Every structure is written in structure tokens, then in C-alpha cells.
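*Asks:* First the structure, which I've put down as C-alpha cells, then a few questions once you've had a look.
Number of protein chains: 2
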Amino acid sequence: MIVAENLSKVFTMGENEVRALDGASFTINEGEMVAIMGPSGSGKTTLMSIIGCLDVPTDGRYVLDGEPVESLNESELAQVRGRKIGFVFQQFNLLARTSALENVMLPQLYAGATMKERTERAKKALERVGLGARMDHNPNELSGGQQQRVAIARALVNEPSIILADEPTGALDSKTGVEIMSLFQSLHRDNGQTVILVTHDSYVARHTDRIIRLSDGHIVSDEKNPSP
Amino acid sequence: MIVAENLSKVFTMGENEVRALDGASFTINEGEMVAIMGPSGSGKTTLMSIIGCLDVPTDGRYVLDGEPVESLNESELAQVRGRKIGFVFQQFNLLARTSALENVMLPQLYAGATMKERTERAKKALERVGLGARMDHNPNELSGGQQQRVAIARALVNEPSIILADEPTGALDSKTGVEIMSLFQSLHRDNGQTVILVTHDSYVARHTDRIIRLSDGHIVSDEKNPSP
Ligand SMILES: Nc1ncnc2c1ncn2[C@@H]1O[C@H](COP(=O)(O)OP(=O)(O)OP(=O)(O)O)[C@@H](O)[C@H]1O
Ligand SMILES: Nc1ncnc2c1ncn2[C@@H]1O[C@H](COP(=O)(O)OP(=O)(O)OP(=O)(O)O)[C@@H](O)[C@H]1O
Ligand SMILES: [Mg+2]
Ligand SMILES: [Mg+2]
Numbered sequence: 025m026i027v028a029e030n031l032s033k034v035f036t037m038g039e040n041e042v043r044a045l046d047g048a049s050f051t052i053n054e055g056e057m058v059a060i061m062g063p064s065g066s067g068k069t070t071l072m073s074i075i076g077c078l079d080v081p082t083d084g085r086y087v088l089d090g091e092p093v094e095s096l097n098e099s100e101l102a103q104v105r106g107r108k109i110g111f112v113f114q115q116f117n118l119l120a121r122t123s124a125l126e127n128v129m130l131p132q133l134y135a136g137a138t139m140k141e142r143t144e145r146a147k148k149a150l151e152r153v154g155l156g157a158r159m160d161h162n163p164n165e166l167s168g169g170q171q172q173r174v175a176i177a178r179a180l181v182n183e184p185s186i187i188l189a190d191e192p193t194g195a196l197d198s199k200t201g202v203e204i205m206s207l208f209q210s211l212h213r214d215n216g217q218t219v220i221l222v223t224h225d226s227y228v229a230r231h232t233d234r235i236i237r238l239s240d241g242h243i244v245s246d247e248k249n250p251s252p
Numbered sequence: 025m026i027v028a029e030n031l032s033k034v035f036t037m038g039e040n041e042v043r044a045l046d047g048a049s050f051t052i053n054e055g056e057m058v059a060i061m062g063p064s065g066s067g068k069t070t071l072m073s074i075i076g077c078l079d080v081p082t083d084g085r086y087v088l089d090g091e092p093v094e095s096l097n098e099s100e101l102a103q104v105r106g107r108k109i110g111f112v113f114q115q116f117n118l119l120a121r122t123s124a125l126e127n128v129m130l131p132q133l134y135a136g137a138t139m140k141e142r143t144e145r146a147k148k149a150l151e152r153v154g155l156g157a158r159m160d161h162n163p164n165e166l167s168g169g170q171q172q173r174v175a176i177a178r179a180l181v182n183e184p185s186i187i188l189a190d191e192p193t194g195a196l197d198s199k200t201g202v203e204i205m206s207l208f209q210s211l212h213r214d215n216g217q218t219v220i221l222v223t224h225d226s227y228v229a230r231h232t233d234r235i236i237r238l239s240d241g242h243i244v245s246d247e248k249n250p251s252p
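In order, the protein sequence lines correspond to chains R and S.
Sequential numbering from 25 applies to the first sequence in our numbering.
Sequential numbering from 25 applies to the second sequence in our numbering.
What follows is the structure in C-alpha cells.
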């Protein structure tokens, strides 16, 4: 369960202040599937970084599964990120000098699996996103949409209870985007995983239960999606 | 004028071959506005790199404004890129440690303008894409869609005769995407610039004169757009 209370994030640049996020409050229950939408620069990635324990708010409180995140030390935060959260970054953040397969094996180190198990799971995850024939390619030997799919496979391979995906279909053609969306939906339905997707894509937004809209760092609406 | 004859690009990886592009032929006349579409991995970025003189084909011929590109040496190629072509990269390729303003001033070194002129033109270009308030931010202090718009401003600032844009609205919300598209359209109409856009966005494709579709490295269709 995700409880955000008045989250604010201010970046200070010399004499200027950028209020990237301003007083964002909401609760997301386990197993919900939520879209976060809003114009370019409205604070979506900033909000996702706080939810994903990658950044701390300048103000406000964030409670994750009953634990106030500000009370966690660096190593506890790293544990939460490794065990509970799968993050698909807006710009993928893949390791450049390692293959797609090795990129997807990396997060599994937390789970204490054997080399053989980690390799098998990584292969399955890559096949699920249509990259079975590209596992040995490094990121610079992959197309933009293929890199995005490696980032998705890496976020899902540990079956985290919370999936945070920042514009996961941004680099994909509509057919591949539909396949990825149905993958997120089945994880959500079959495993009860909480899925939070930042998106500009109305197809993606239509297939979630609820849409939170940001504008200039503020939440301007938070509505259930009418049944599809 | 762009004349592509049987362009192929093969990447060799150990014992395997990846045919990223296979026998692509087409002519694009000065002042045309063309969309290139196709599934993720179908060869669009590979084709754009060849058209933009950033890569050489493994086979086939590419003639740009009457000059066979294979006959140009490194310094002549750099000249063509600097003077004739404005390229918006799929992953932006901004300089990380320099501000948005300096990133957009960089291509103008070719044009022999004064520091004052270069700064003025860069400021105007950034204002045109809605980033007047973010000129002093470095790329890591910008949102994904803001970085994309810096990449667009940088490609346009020299008013190149050919604009090549690889998924230029991929990181943008629909309203900002509409603004960017109308910017491309006005450059095309008012300046007669040739505009080639790789896109997954049907809104963008609808607003071009012609759509070339790729699939598995092949051109599978090349059709004029019915009048909008
Ligand atoms: N490190 C930083 N320093 C200063 N300003 C920043 C920093 N990071 C982000 N910003 C600013 O904060 C605002 C929100 O950024 P954010 O990345 O959250 O937007 P976004 O909603 O994800 O946009 P997009 O849809 O374009 O990805 C933007 O105006 C951006 O310029
Ligand atoms: N350096 C490389 N070495 C090996 N294979 C490569 C290399 N670069 C690209 N490829 C492969 O060539 C194919 C075409 O890649 P390209 O980047 O042109 O696709 P694209 O149409 O732009 O896709 P997207 O829409 O996902 O950006 C892909 O299958 C990719 O894996
Ligand atoms: Mg963002
Ligand atoms: Mg591409």
C-alpha cells in the first residue's frame, strides 16, 4: 500500500527554485492498476522517483506498506527497491557493456537464485517481450523499442509486488505497445501486482482502473476509469 | 534530392548476421514531407542513419543532391552533415555537462556566426519549442520530453535543407506533440525544407504527404497520403 501525503519536490538552481512537485496526496492500494498522466514537465518522473524510493521529497510524507520511507537508512532503502519494486525507467538505464540477457539477470542477485535459475528466468522474461532472438545483443546493438523492452523485462523478472513503469510504450509501435500492455494486465490480474504506469498513450490509460493527472507539479484530478 | 538504390545494412555478430535493412529503394524530392513507419526493430533508425550520412550501407547506393555519398571522404561527409542536415536522434544525444542553450548553440559553429548571433538564434529556437524557462538547465535537470525538445531545437537552429527526425514526439504528451508537429509543418511550408519523420504516432503520420512502411528491413509500402 502506497500512501503519499503532501509530497513536494523543489530543485534549487542558484537563485531559482523549480517546484517540480507540489503537495501531491493519494493512496494506492495493493493490486491497483493506475495511470499517471500530464503534460511534459508536469512532475510525473519526479513523483515516480519518490514512490520508487529513488529520491526523497523536499516536504511531505511517503508511507510504503506501513513504513515511513524517511525513517529508512540507505541499506534498508536498497532492500525495499531490490525486493518490492520493479522500475522501468523513462530512459531505460541499461548497462551499456553487457548483453540484454545479463542486464535482465542483474536484479535477480537479490533473490539468491542459482546462476542456472537466473539465466532461465532472464531468458523467459526476454521471450515474453519478444526479444528471444536478441538476448546476446548489447544495448547499442538494439533498436530504441528493443532497449525499452529489455528495461521492461528487467523490471518484471523478480516478480516485484509493485511495478513502476515510466512511459513503457513510448518507443513502441502500436502493435508491440498492445502486447506489452496485455503483459502488464495479466501480471496485475494473475499475480495481484500493483502496477503504476506513467503514460502519454490514451490506449494504455484506457486499460487501467484509475487515472491520476498532474499539471505543473499538482494533482488536478484522480478518477476511477469507467469499466472498459 | 534523396535517391536510395537497393540500400542494405548487415550487422555481423560472430557467426550471426542481422539484416537490419534489405534492398530499400526510393526517391524523396526537395520539399517533401515523409513519414517512415514500421514495427520496433524493422530498420527505421538504420535507414535514417544512412540518409543522414551517419552510417554507410553494406550494399546499394545513396545519392544526395546529385553526389554519390560513398565517394565523399570523412571531412566532406562532416560538411554535408553540418550544412545540409538537421538530425533529431531517437535518444536525443545531448551533451550531458552543458546547458540546453549551449547544446543548441553548438551546431551553429559551422555557420560562422558571431557569439551574439548564435546565442540569439539558440534562444529563439528553444522558445519555439516551449523551453524559454529551461535554457540554463543541463539535460539531467530536464524531463524526458524537455530533453526531446532540446534535441529538436538543436536540429532546426541552422535551418538545414533536410530535417531528419527519429520519433520526435515519442516522449511528448499529445498537446505538446501537436505543437511540435505544427512547427515541422510550418518549416516545411514556409521554408520548403525537406522533412523526414520516423514515427509510431498516427497523428504525425496523417499530417505528412507520404508514408513509407518498413517491415523486417524491407520497404513494404510507399504511398501518398490522401489530402487531409
Ligand atoms: N534535477 C533537476 N533540477 C532542476 N529542475 C528539474 C530537475 N529534474 C526535473 N526538473 C524540472 O522539474 C519539472 C518536472 O520534471 P519531470 O521529469 O518530473 O517531468 P515529467 O512530467 O516526467 O515530464 P515528461 O513527460 O517530459 O517526461 C520539469 O519542469 C523539469 O525541468
Ligand atoms: N549495431 C548493431 N548490431 C547488431 N544488430 C543491430 C545493430 N543495430 C541495430 N541492430 C538490429 O537491427 C534491427 C533494426 O534496428 P533499428 O534500430 O533500425 O530498428 P527501428 O525500426 O528503429 O526500431 P524502433 O522502432 O524500436 O526504434 C533491429 O532488429 C536491431 O536489433
Ligand atoms: Mg518524465
Ligand atoms: Mg529506432
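Backbone N, C-alpha and C fix where the C-beta goes; we use that ideal spot for every residue, glycine too.
All values derive from a computational prediction rather than experimental measurement.
Report the three-state DSSP secondary structure of phenylalanine 50 of chain R (helix, strand or coil).
*Replies:* In this structure, phenylalanine 50 of chain R counts as strand in the three-state DSSP scheme.
*Asks:* With distances taken Cα to Cα, identify the nearest neighbour of serine 64 of chain R among R:His231, R:Asp89, R:Leu238.
*Replies:* Out of R:His231, R:Asp89, R:Leu238, R:Leu238 has the C-alpha closest to the C-alpha of serine 64 of chain R.
*Asks:* Any heavy atom of ligand 4 closer than 6 Å to the beta-carbon of threonine 193 of chain S?
*Replies:* Outside the cutoff, so no.
*Asks:* Along the region 162-177 of chain R, what residues have a CB closer than 9 Å to any CB found in chain S?
*Replies:* The residues in question are Glu165, Leu166, Ser167, Gly168, Gly169, Gln170, Gln171, Gln172, Arg173.
*Asks:* Which full runs of the beta strand (DSSP E) of 3+ residues lie inside the region 160-216 of chain S, going along the chain?
*Replies:* Listed in chain order, the complete beta strand (DSSP E) runs (minimum 3 residues) inside the region 160-216 of chain S are 186-190.
*Asks:* Give the secondary structure of threonine 218 of chain R by DSSP, where H, G and I count as helix, E and B as strand, and everything else as coil.
*Replies:* Here threonine 218 of chain R sits in strand by DSSP.
*Asks:* Counting C-beta neighbours from all protein chains within 10 Å, is the total for valine 181 of chain R 16 or more, i.e. buried, or is it exposed?
*Replies:* Buried is the call here.
*Asks:* Does the Cβ-Cβ distance between asparagine 53 of chain S and methionine 72 of chain S come in under 7 Å?
*Replies:* No, they are not a contact pair.
*Asks:* Quick one: Cα of glycine 169 of chain R to Cα of leucine 78 of chain S, how far?
*Replies:* Spanning the two alpha carbons is a distance of roughly 20 Å.
*Asks:* Is any heavy atom of ligand 1 found at a distance shorter than 6 Å from the C-beta of lysine 68 of chain R?
*Replies:* Lysine 68 of chain R Cβ: within cutoff of ligand 1.
*Asks:* Identify the continuous alpha helix (DSSP H) that holds serine 226 of chain S and give its terminal residues.
*Replies:* Counting along the chain, the alpha helix (DSSP H) containing serine 226 of chain S begins and ends at 226-230.
*Asks:* Are the region 180-199 of chain S and the region 95-115 of chain S touching, with three or more C-beta to C-beta distances below 8 Å?
*Replies:* The region 180-199 of chain S is in contact with the region 95-115 of chain S.
*Asks:* Give the straight-line distance between the Cα atoms of serine 32 of chain S and glutamine 172 of chain S, rounded to the nearest whole angstrom.
*Replies:* Their Cα atoms are separated by approximately 29 Å.
*Asks:* For glycine 106 of chain S, report the span of its alpha helix (DSSP H) as first-last.
*Replies:* Glycine 106 of chain S -> alpha helix (DSSP H) spans 98-108.
*Asks:* Which residue or residues does DSSP assign as beta-bridge partners of leucine 118 of chain S?
*Replies:* Answer is none; leucine 118 of chain S lacks a bridge partner.
*Asks:* For serine 64 of chain R, would you say it is in contact with chain S, using Cβ-to-Cβ distances shorter than 7 Å as the test?
*Replies:* It does; some Cβ of chain S falls within 7 Å.
*Asks:* Let's test the definition: count the other Cβ atoms within 10 Å of the Cβ of proline 192 of chain S and tell me whether it reaches 16, buried, or not, exposed.
*Replies:* Counting Cβ neighbours within 10 Å, proline 192 of chain S comes out buried, since at least 16 surround it.
*Asks:* With respect to 6 Å, is the separation between the Cβ of isoleucine 167 of chain S and the closest non-hydrogen atom of ligand 3 below this value?
*Replies:* The question names isoleucine, yet the displayed sequence has serine at residue 167 of chain S. It does: the Cβ of serine 167 of chain S is within 6 Å (strictly closer) of some heavy atom of ligand 3.
*Asks:* What's the gap between the Cα of alanine 177 of chain S and the Cα of valine 128 of chain S?
*Replies:* Roughly 6 Å between the two C-alpha positions.
*Asks:* Is the beta carbon of threonine 69 of chain S sitting closer than 7 Å to the one on glutamine 114 of chain S?
*Replies:* The answer is yes: Cβ separation under 7 Å.
*Asks:* How would you call valine 80 of chain R, buried or exposed, if buried means at least 16 neighbouring beta carbons within 10 angstroms?
*Replies:* Counting Cβ neighbours within 10 Å, valine 80 of chain R comes out exposed, since fewer than 16 surround it.
*Asks:* Consider the C-beta atom of glutamine 114 of chain R and the heavy atoms of ligand 3; say whether any pair is separated by less than 6 Å.
*Replies:* Yes, the Cβ of glutamine 114 of chain R comes within 6 Å of a heavy atom of ligand 3.
*Asks:* Please tell me whether aspartate 46 of chain S and histidine 242 of chain S are closer than 7 Å, where the distance is taken between their beta carbons.
*Replies:* Result yes, Cβ atoms of aspartate 46 of chain S and histidine 242 of chain S sit closer than 7 Å.
*Asks:* Assign valine 244 of chain S to one of two classes, buried (16 or more other C-beta atoms within 10 Å of its C-beta) or exposed (fewer than that).
*Replies:* Valine 244 of chain S should be labelled exposed.
*Asks:* Comparing the C-beta of threonine 200 of chain R with each C-beta of chain S, is any distance below 7 Å?
*Replies:* Closer than 7 Å: yes.
*Asks:* Which same chain residues end up closer than 8 Å to leucine 74 of chain R when comparing Cβ atoms and leaving out the 5 residues on each side of it in sequence?
*Replies:* Per the sequence shown, residue 74 of chain R should be read as isoleucine rather than leucine. Contacts found: Ala28, Leu31, Lys33, Leu45, Val80, Pro81, Tyr86.
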